[in-house]
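Sequential numbering of the sequence shown, starting at 1, is according to the UniProt record's numbering. Glycine is no exception: its CB is placed at the ideal position from the N, C-alpha and C atoms.
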Amino acid sequence: MLEAKLEVVAEVVVVVVEVVVVVVVVVVVVVVVVVVEEEEEIQKHSSSGNSSSTNSNCISNIIEVVIVVIVLVVEVVVVLGVVVVLVVLVVIVVIVVNIVVIVVVVAAAIEVVVVVVVVVLVVVVVVVVVVVVVIVVVEVFIVGLVLKVAAVVEIILLKVKEVVVVVVVVVVVVVVVVVVVVAAAVIVVVVVAAAAAAAVVVVVVVVVVVVAAVVLLVVAAAAAVVVVCE
Numbered sequence: 001m002l003e004a005k006l007e008v009v010a011e012v013v014v015v016v017v018e019v020v021v022v023v024v025v026v027v028v029v030v031v032v033v034v035v036v037e038e039e040e041e042i043q044k045h046s047s048s049g050n051s052s053s054t055n056s057n058c059i060s061n062i063i064e065v066v067i068v069v070i071v072l073v074v075e076v077v078v079v080l081g082v083v084v085v086l087v088v089l090v091v092i093v094v095i096v097v098n099i100v101v102i103v104v105v106v107a108a109a110i111e112v113v114v115v116v117v118v119v120v121l122v123v124v125v126v127v128v129v130v131v132v133v134v135i136v137v138v139e140v141f142i143v144g145l146v147l148k149v150a151a152v153v154e155i156i157l158l159k160v161k162e163v164v165v166v167v168v169v170v171v172v173v174v175v176v177v178v179v180v181v182v183a184a185a186v187i188v189v190v191v192v193a194a195a196a197a198a199a200v201v202v203v204v205v206v207v208v209v210v211v212a213a214v215v216l217l218v219v220a221a222a223a224a225v226v227v228v229c230e
């Protein structure tokens, strides 16, 4: 949009410059024609008569031509300056208009963005609230379930504790009974072993006594035989 307007302004400036150039060319041509005519008149006057008056007329004519040329140049410069100022003003106006348009467009875009952001924020808030409510409900459900499970687990633990206590008591009783039985068996074995050892000692003593008696009887018999034989 801005580029199209600047192109139009550039075309206008080119046209104005072309017109000014044409005007300058026309002015120069007119000046040249006037100078040529003045030269012809000067030559006619010089051929016909007075040289001093001719010289004064020539100088005055040249001065007039120079003044006319200066005035025309000044007018052309003024026109060019006015044209340049107008072009600059047009460019400034175009730029200002474009800036205003851009500002309006940007403001509209910002307004749209703000509306979109507000809508997005509202949607996000609603979603967050819904998610929080769902999380709270789930947590309540889970907490209730956990409490129920905890109660069940506590009951199971109590039952297990009772069973463990009973098992421990039974195991202790069994161990005590086994220890007592083993101790009794050991005592019985020791007593039996002691009795067996005593019996063996008695048998040995009896055998020794019997053997001693037999030996004594044999010795006595032998002594008797010897005594009888003598």
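In whole angstroms, what separates the C-alpha of V167 from that of A183?
Here the C-alpha atom of V167 lies approximately 23 Å from the C-alpha atom of A183.
Rounded to the nearest angstrom, what separates V30 and V21 at their Cα positions?
Distance between the alpha carbons of V30 and V21 is about 14 Å.
If you draw a straight line from the C-alpha of V186 to the C-alpha of V173, how long is it?
The alpha-carbon of V186 is positioned some 19 Å away from that of V173.
Pull up the distance between the alpha-carbon of residue 252 and that of K148, whole angstroms please.
An answer regarding residue 252 cannot be provided, because it is not within the stretch 1 to 230 covered by the chain.
Just the Cα atoms here: how many angstroms apart are V19 and V25?
Those two C-alpha atoms are separated by around 10 Å.
What does the alpha-carbon distance come out to for the pair K161 and V137?
For the pair K161 and V137, the Cα-to-Cα distance works out to about 35 Å.
Look at the alpha carbon of E41 and the alpha carbon of E75, and state the distance between them as a whole number of angstroms.
Going from the Cα of E41 to the Cα of E75 covers about 28 Å.
Cutting at 6 Å between CB atoms, please list the residues of its own chain near V176, excluding the five before and the five after it.
In its own chain, leaving out the 5 sequence neighbours on each side, no residue places its CB closer than 6 Å to the CB of V176.
Alpha carbon to alpha carbon, how far is L121 from V127? Give it in angstroms, no decimals.
Each residue's alpha carbon lies about 10 Å from the other.
Roughly how many whole angstroms lie between the Cα atoms of V34 and V78?
Per the coordinates, the alpha-carbon of V34 lies some 23 Å from the alpha-carbon of V78.
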